[in-house]
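Worksheet: one structure, shown below.
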Amino acid sequence: MEKKEMRAAYVETLMELARENPDIVILEADLMKATGTGAFAKAFPDRAFNAGVAEANMVGVASGLSAAGRIPFAATFGSFAGRRDYDQFFLSANYARLNVKLVGTDPGVTAKYNGGTHMPFEDLVLMRAVPGLVVLEPSDPVSLAAFVRLAAERYGCVYLRMPRGAADILYPAGESFEIGKAKVLRPGKDAAIFALGAVMVGEALKAADALTARGVGAAVVDVLSLKPLDLETLFALAKSTGRIVTCENGQASGGLGGAVAESLLEKGLAVKFARIGVRDEFGEVGTQEYLQERFGLTAERIGEAVFGLM
Amino acid sequence: MTKEEVGELERRARTIRALTIEAIGHLGVGHIGGAMSIVDILALLYFKRMDVDPANPRRADRDQLVLSKGHAGPALYSTLALRGYFPREWLMTLNVGGTALPSHCDRNRTPGIDMTTGSLGQGFSAACGIALGNRLGGIGSRVYCIVGDGECDEGQVWEAAMFAAHYKLDTLTAFVDYNKMQIDGRTDEVMGLGSLADKWKAFGWFVQEVDGHDMAAMDRAIDAAETERGRPSMIILDTVKGKGFSLGEGQVASHSMTFGPEEAKKAIAALEGR
Numbered sequence: 003m004e005k006k007e008m009r010a011a012y013v014e015t016l017m018e019l020a021r022e023n024p025d026i027v028i029l030e031a032d033l034m035k036a037t038g039t040g041a042f043a044k045a046f047p048d049r050a051f052n053a054g055v056a057e058a059n060m061v062g063v064a065s066g067l068s069a070a071g072r073i074p075f076a077a078t079f080g081s082f083a084g085r086r087d088y089d090q091f092f093l094s095a096n097y098a099r100l101n102v103k104l105v106g107t108d109p110g111v112t113a114k115y116n117g118g119t120h121m122p123f124e125d126l127v128l129m130r131a132v133p134g135l136v137v138l139e140p141s142d143p144v145s146l147a148a149f150v151r152l153a154a155e156r157y158g159c160v161y162l163r164m165p166r167g168a169a170d171i172l173y174p175a176g177e178s179f180e181i182g183k184a185k186v187l188r189p190g191k192d193a194a195i196f197a198l199g200a201v202m203v204g205e206a207l208k209a210a211d212a213l214t215a216r217g218v219g220a221a222v223v224d225v226l227s228l229k230p231l232d233l234e235t236l237f238a239l240a241k242s243t244g245r246i247v248t249c250e251n252g253q254a255s256g257g258l259g260g261a262v263a264e265s266l267l268e269k270g271l272a273v274k275f276a277r278i279g280v281r282d283e284f285g286e287v288g289t290q291e292y293l294q295e296r297f298g299l300t301a302e303r304i305g306e307a308v309f310g311l312m
Numbered sequence: 014m015t016k017e018e019v020g021e022l023e024r025r026a027r028t029i030r031a032l033t034i035e036a037i038g039h040l041g042v043g044h045i046g047g048a049m050s051i052v053d054i055l056a057l058l059y060f061k062r063m064d065v066d067p068a069n070p071r072r073a074d075r076d077q078l079v080l081s082k083g084h085a086g087p088a089l090y091s092t093l094a095l096r097g098y099f100p101r102e103w104l105m106t107l108n109v110g111g112t113a114l115p116s117h118c119d120r121n122r123t124p125g126i127d128m129t130t131g132s133l134g135q136g137f138s139a140a141c142g143i144a145l146g147n148r149l150g151g152i153g154s155r156v157y158c159i160v161g162d163g164e165c166d167e168g169q170v171w172e173a174a175m176f177a178a179h180y181k182l183d184t185l186t187a188f189v190d191y192n193k194m195q196i197d198g199r200t201d202e203v204m205g206l207g208s209l210a211d212k213w214k215a216f217g218w219f220v221q222e223v224d225g226h227d228m229a230a231m232d233r234a235i236d237a238a239e240t241e242r243g244r245p246s247m248i249i250l251d252t253v254k255g256k257g258f259s260l261g262e263g264q265v266a267s268h269s270m271t272f273g274p275e276e277a278k279k280a281i282a283a284l285e286g287r
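Below you can see the structure in the form of C-alpha cells.
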C-alpha cells in the first residue's frame with residue numbers, strides 16, 4: 003500500500019489554507035523540526051511563531067490570536083498538548099469560546115524511543131472531558147488533510163491527534179469527510195471493529211483479514227471523530243452484528259472504549275463487547291513493534307477479542 | 014494632565030470604588046482587596062487613555078484590556094457600567110445565578126470584557142496573543158494587561174514575558190498591581206518576588222515604577238510606554254490592597270471578605286468623607 007508522511011500532509015494542507023486565508027497562523031514550542039512546519043515558516047515567516055519550550059504560553063498566545071481574529075494551529079507532542087497546557091486549552095481557548103486548533107503529535111506508542119515520559123495514552127481521555135471540544139484522530143494522510151481543512155473552516159476549538167511518520171494511504175484523493183462521521187472501511191455481519199487512528203485502523207484491517215480466514219465476518223470502522231462520535235453508525239452495527247470491539251492507541255477507559263460503552267448502554271443495546279487499548283498503565287520506551295506487543299495493540303489481540311465474542 | 018483632569022479622574026475612581034463596595038456588600042462576599050487596588054488605573058484607562066466604544070464593544074480596532082487577575086472583575090464591572098457598557102443595576106447581580114457579571118471575567122457574558130480570565134497567568138499570554146494578532150491584522154491599537162503580584166508566582170507569566178520581548182510587542186503595556194499581598198499573606202512571606210523591576214528589565218521589557226494611586230504619575234508613565242518602540246512596557250504600580258475600603262485597607266484579609274450592605278454603606282460614607 004502506498005504510504006505518505008502524516009506531517010507532510012499536515013504541513014501541505016496548512017500551507018494551502020494559508021494561501022487561501024491570511025488569518026491562518028501556526029505556533030510551535032521548539033518542535034518545528036519535528037512537526038515539519040519549517041516549510042510553512044519559510045513561506046509565511048510572519049505567520050509562524052515559535053514560542054520556545056513553553057507550551058502553556060503557546061496555547062495562551064494562540065487564544066489571544068484567536069480573540070484578535072486569527073485562526074491559530076498550535077502543535078506539540080501529544081504528551082504536552084494533553085497535559086502541559088490542558089488548563090490553558092480548557093479555559094483560555096475552550097471556556098472562552100475561542101477558535102484554537104491544538105495538534106498533538108506522536109500519539110501513544112508512536113512516541114517510541116522518547117519513551118514513557120513522552121507517550122500520551124491519556125490525551126484523548128482528557129480532551130473528551132472538555133465541553134464542546136471536537137476531538138479528531140484521522141487515520142491516513144488523506145483523512146488528515148481533509149480534517150485539518152474542516153477544522154480550519156469551522157469556528158471552534160479542535161484537538162487533532164496525529165503520528166508524524168509515514169502511514170498507509172487508505173482513501174482516494176478527494177474523498178469527503180465530515181466531523182462526527184465515521185467511515186465503514188469493510189462490511190461484516192458477525193462483529194464490528196471500531197478503530198481510532200492510523201496504528202489501530204491498520205491493525206484492525208489485518209485482524210479482519212485473519213478473521214475472514216477463520217470464517218468470521220468483521221466489519222472495520224474508521225472512527226476518525228472521537229467527539230462527536232458517529233452514534234448512527236455505531237448503533238446500526240451494534241444492532242446488525244451484536245458484537246462490538248473498540249481499538250485505540252491509548253487508555254481504553256475514558257477514551258474510545260469508554261465513549262462507545264457509555265453510548266451503547268445508554269441506548270439499551272446489550273451487545274457483546276471488548277476493548278483493545280492500554281489498561282491503566284504508563285508508557286515505556288522501545289520500538290513501536292515492541293510497544294504494540296507490550297500493550298496488546300496488535301491485529302492478533304484484536305482477532306482474539308473478536309473471536310472471543312463469537 | 015491638568016489639575017482639573019486629575020480631579021475628574023479621582024472623582025470617577027471614587028465612584029467606581031463606591032459601586033464596587035456596594036456590589037460586593039449586596040452579595041455579601043467578594044474579592045474586595047485586589048479590586049480596590051486597581052481602581053485608579055482602571056479609571057485612568059477607561060476615562061482617559063483607551064479608545065473604546067461602549068456601543069460597539071467588539072470593534073476590531075478598539076484598545077483592549079485583559080484583566081489577567083480575573084478575580085478583580087467587580088472593579089472592572091463598576092468601571093464598565095460607569096463608562097456606559099451596561100446599566101448600573103447589573104452590578105447588583107454580581108455572582109447571582111445566570112448573571113452577566115461572574116466573579117471572574119468572561120468575554121462571552123459581559124459587554125466590554127475583552128478576555129476570559131481567572132486561572133492566573135493565562136490572561137497575560139492571551140494579551141500577548143491579542144497584540145500579535147492585531148499586528149498581523151494591521152491594527153495599531155493598544156493592548157493593556159493587569160497582572161497581580163501574587164500572579165507573578167505563575168511560571169506562565171515569565172513564559173509570556175519572554176515571548177512578548179522576543180516578538181517585540183511594543184503595543185502591549187502591562188501593569189503589575191504591586192499591592193504586596195496575596196491570599197495566604199504578604200508576598201514576601203508566601204513567595205518572595207525579589208526585585209520585580211529588575212526581573213522585568215532582565216526579561217527585556219521597558220520598566221517603570223509609579224504610585225498606582227497617582228493619576229498624573231501613571232498617565233506620564235503610559236505616555237512614556239507608548240513612545241517606546243521595539244519592546245513591551247511594564248509599569249509596576251505601587252498600590253495598597255483594599256485601597257479606599259475602610260474595613261480592609263492594607264489588610265491581607267481583604268483579599269476576599271464577607272460584609273453586608275450595612276457595612277458597605279459605612280465604608281462608602283467613609284470613602285466619600287475623605
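So the protein sequences, as listed, match chains H and F.
One gets this note's numbering by counting positions in the first sequence from 1 and adding 2 to each.
One gets this note's numbering by counting positions in the second sequence from 1 and adding 13 to each.
Where a beta carbon is used, it is the ideal one built from N, C-alpha and C, also for glycine.
Since we're looking at a predicted model, the values are computed, not measured.
| field | Residue interval of the alpha helix (DSSP H) (run including Ser141 (chain H)) | value | Translated into positions along the first sequence, residue 141 (chain H) becomes position 139. Unbroken run through Ser141 (chain H): none, as it is neither H nor E.
| So what does Lys191 (chain H) bridge to, in DSSP terms? | Position 189 of the first sequence holds residue 191 (chain H). DSSP lists no partner for Lys191 (chain H).
| task | List the endpoints of the continuous beta strand (DSSP E) containing Lys229 (chain H). | result | Mapped onto the first sequence, residue 229 (chain H) falls at position 227. Looking at the DSSP string, the run of the beta strand (DSSP E) that includes Lys229 (chain H) is 227-229.
| Quick one: is Val109 (chain F) buried, meaning 16 or more other Cβ sit within 10 Å of its Cβ, or exposed? | What you label residue 109 (chain F) is simply residue 96 of the second sequence in a count that begins at 1. Val109 (chain F) comes out exposed.
| Checking contacts by CB at 8 angstroms: is Leu135 (chain H) closer than that to chain F? | The count along the first sequence starts at 1 and reaches residue 135 (chain H) at position 133. No, because no Cβ of chain F sits closer than 8 angstroms to the Cβ of Leu135 (chain H).
| task | To the nearest angstrom, report how far apart Asp108 (chain H) and Ala272 (chain H) are at their CA atoms. | result | As a first step, residue 108 (chain H) is located in the first sequence; it is residue number 106 there, counting from the start. As a first step, residue 272 (chain H) is located in the first sequence; it is residue number 270 there, counting from the start. About 35 angstroms.
| request: Might you give, ordered along the chain, the residues of its own chain that have their beta carbon closer than 8 angstroms to the beta carbon of Leu145 (chain F), omitting 5 neighbours on each side? | output: Walking along the second sequence from the start, residue 145 (chain F) turns up at place 132. Closer than 8 angstroms at Cβ, skipping near neighbours: Tyr180, Leu182.
| Arg163 (chain H) (DSSP reduced to helix, strand or coil) | For the purposes of this step, residue 163 (chain H) is taken as the residue at position 161 of the first sequence. Correct three-state label for Arg163 (chain H): strand.
| message | Using only the alpha-carbon positions, how far apart do Met164 (chain H) and Lys278 (chain F) sit? | response | Within the first sequence, the letter at position 162 stands for residue 164 (chain H). Within the second sequence, the letter at position 265 stands for residue 278 (chain F). For Met164 (chain H) and Lys278 (chain F), the distance between alpha carbons rounds to 59 angstroms.
| Does any C-beta atom of chain H lie closer than 8 angstroms to the C-beta of Arg233 (chain F)? | Numbered from its first residue, the second sequence carries residue 233 (chain F) at position 220. Not an interface residue.
| request: Could you name the residues that DSSP lists as bridge partners for Glu222 (chain F)? | output: Here residue 222 (chain F) corresponds to residue number 209 of the second sequence, with the count starting at 1. Note: Glu222 (chain F) sits in a beta bridge opposite F:Ile249.
| request: Answer yes or no: does any C-beta atom of chain H fall closer than 8 angstroms to that of Ala113 (chain F)? | output: Position 100 of the second sequence, counted from the start, is the residue given in the question as residue 113 (chain F). Output row for Ala113 (chain F): interface = no.
| task | Just the C-alpha distance for Met247 (chain F) and Ala230 (chain F), rounded to the nearest angstrom, thanks. | result | In the second sequence, counting from the first residue as 1, residue 247 (chain F) sits at position 234. In the second sequence, counting from the first residue as 1, residue 230 (chain F) sits at position 217. Met247 (chain F) and Ala230 (chain F): Cα-Cα distance of roughly 14 angstroms.
| Contact between the segment 185-203 of chain F and the segment 239-255 of chain F: three or more CB pairs below 8 angstroms? | yes
| Assuming Lys103 (chain H) and Ala153 (chain H) make a contact with CB atoms under 8 angstroms, what is their CB distance in whole Å? | One-based indexing of the first sequence puts residue 103 (chain H) at position 101. One-based indexing of the first sequence puts residue 153 (chain H) at position 151. Indeed they touch by this definition, with Cβ atoms about 5 angstroms apart.
| said: Any beta carbon of chain H sitting closer than 8 angstroms to that of Arg145 (chain F)? | reply: The residue given as residue 145 (chain F) occupies position 132 in the second sequence. A quick correction: the sequence has Leu, not Arg, at residue 145 (chain F). Yes, because at least one Cβ of chain H sits closer than 8 angstroms to the Cβ of Leu145 (chain F).
| query | In chain order, what residues of the same chain have a beta carbon less than 6 angstroms from the beta carbon of Gly219 (chain H), not counting five sequence neighbours either side? | reply | Reading the first sequence from its first residue, position 217 is the one you call residue 219 (chain H). Hits under 6 angstroms: Gly190, Lys191, Asp192.
| query | Going along chain F, which residues have a C-beta under 7 angstroms from Tyr97 (chain H)? | reply | The residue you call residue 97 (chain H) lines up with position 95 of the first sequence. Chain F residues near Tyr97 (chain H): Thr129.
| task | Using DSSP bridges, identify the partner residues of Pro74 (chain H). | result | On the first sequence, position 72 is the one that residue 74 (chain H) refers to. Note: Pro74 (chain H) sits in a beta bridge opposite H:Val27.
| What residues in the segment 57-70 of chain H bring their beta carbon closer than 7 angstroms to a beta carbon of chain F? | Ala58, Asn59, Gly62, Val63, Ala64, Ser65, Gly66, Leu67, Ala69, Ala70
| CA-to-CA distance, Gln294 (chain H) to Met202 (chain H), given in whole angstroms | Here residue 202 (chain H) corresponds to residue number 200 of the first sequence, with the count starting at 1. Here residue 294 (chain H) corresponds to residue number 292 of the first sequence, with the count starting at 1. When rounded, the distance between both Cα atoms is 10 angstroms.
| message | Taking 8 angstroms as the threshold (beta carbon to beta carbon), is Arg120 (chain F) in contact with chain H? | response | To locate residue 120 (chain F), count along the second sequence from 1; it is residue 107. Cβ-Cβ to chain H under 8 angstroms: yes for Arg120 (chain F).
| said: As a quick exercise: from H:Glu250, H:Cys249, H:Gly257, H:Val262, pick the residue whose alpha carbon is nearest that of Ala238 (chain H). | reply: Here residue 238 (chain H) corresponds to residue number 236 of the first sequence, with the count starting at 1. Selected option, being the one with the closest Cα: H:Val262.
| said: Quick check on Asp196 (chain H): does DSSP put it in helix, strand or coil? | reply: For the purposes of this step, residue 196 (chain H) is taken as residue 194 along the first sequence, with counting starting at 1. Residue 196 (chain H) is actually Phe in this sequence, not Asp. Correct three-state label for Phe196 (chain H): strand.
| task | List the residues that DSSP assigns as beta-bridge partners of Gln86 (chain H). | result | The sequence position of residue 86 (chain H) within the first sequence is 84, counting from 1. Looking at the sequence provided, one finds Arg at residue 86 (chain H) rather than Gln. Answer is none; Arg86 (chain H) lacks a bridge partner.
| said: So Gly43 (chain F) and Ile37 (chain F) are supposed to be a Cβ contact under 8 angstroms. How far apart are they, rounded? | reply: Here the question's residue 43 (chain F) lines up with position 30 in the second sequence. Here the question's residue 37 (chain F) lines up with position 24 in the second sequence. Their Cβ separation, rounded to whole angstroms, is 4 angstroms, which keeps Gly43 (chain F) and Ile37 (chain F) in contact under 8 angstroms.
| query | Roughly how far, in whole angstroms, is the beta-carbon of Phe176 (chain F) from the beta-carbon of Ala53 (chain H), given that I think they are within contact range, below 8 angstroms? | reply | Locating residue 176 (chain F) in the second sequence gives position 163, where the first residue counts as 1. Locating residue 53 (chain H) in the first sequence gives position 51, where the first residue counts as 1. Contact holds; Cβ gap of about 6 angstroms.
| request: Indicate whether at least one CB of chain H lies closer than 8 angstroms to the CB of Cys309 (chain F). | output: Chain F is shown from 14 up to 287; residue 309 (chain F) falls before or after that span and cannot be answered.
| request: State yes or no: is the beta carbon of Ala53 (chain H) nearer than 8 angstroms to at least one beta carbon in chain F? | output: The sequence position of residue 53 (chain H) within the first sequence is 51, counting from 1. Chain F, which has a Cβ nearer than 8 angstroms to the Cβ of Ala53 (chain H), makes this yes.
| In terms of alpha-carbon separation, which member of F:Leu78, F:Gln195, F:Leu284 lies closest to Ser267 (chain F)? | Reading the second sequence from its first residue, position 254 is the one you call residue 267 (chain F). The shortest C-alpha separation from Ser267 (chain F) is found at F:Gln195.
| query | For the putative contact between Ile29 (chain F) and Ala56 (chain F), defined by C-beta atoms under 8 angstroms, what is the C-beta separation to the nearest angstrom? | reply | The sequence position of residue 29 (chain F) within the second sequence is 16, counting from 1. The sequence position of residue 56 (chain F) within the second sequence is 43, counting from 1. Cβ atoms of Ile29 (chain F) and Ala56 (chain F) come within 8 angstroms of each other, at about 6 angstroms.
| Would you call the CB atoms of Leu40 (chain F) and Leu107 (chain F) closer than 8 angstroms? | The residue you call residue 40 (chain F) lines up with position 27 of the second sequence. The residue you call residue 107 (chain F) lines up with position 94 of the second sequence. Closer than 8 angstroms, so yes.
| In chain order, what residues of the same chain have a beta carbon less than 7 angstroms from the beta carbon of Glu164 (chain F), not counting five sequence neighbours either side? | Against the second sequence, residue 164 (chain F) aligns to sequence position 151. Excluding residues within five positions, the ones whose Cβ falls inside 7 angstroms are Ser81, Lys82, Leu133, Gly134, Val170.
| message | If we define contact as Cβ-Cβ less than 8 angstroms, is Ala139 (chain F) a contact residue for chain C? | response | The structure shown contains no chain C; its protein chains are H and F.
| Starting from Lys181 (chain F) and walking both ways along the beta strand (DSSP E), at which residues does that stretch end? | Position 168 of the second sequence, counted from the first residue, corresponds to residue 181 (chain F). From DSSP, Lys181 (chain F) is part of no beta strand (DSSP E); its letter is neither H nor E.
| query | What are the start and end residues of the alpha helix (DSSP H) that includes Cys141 (chain F)? | reply | Here the question's residue 141 (chain F) lines up with position 128 in the second sequence. Segment 135-149, the alpha helix (DSSP H) holding Cys141 (chain F).
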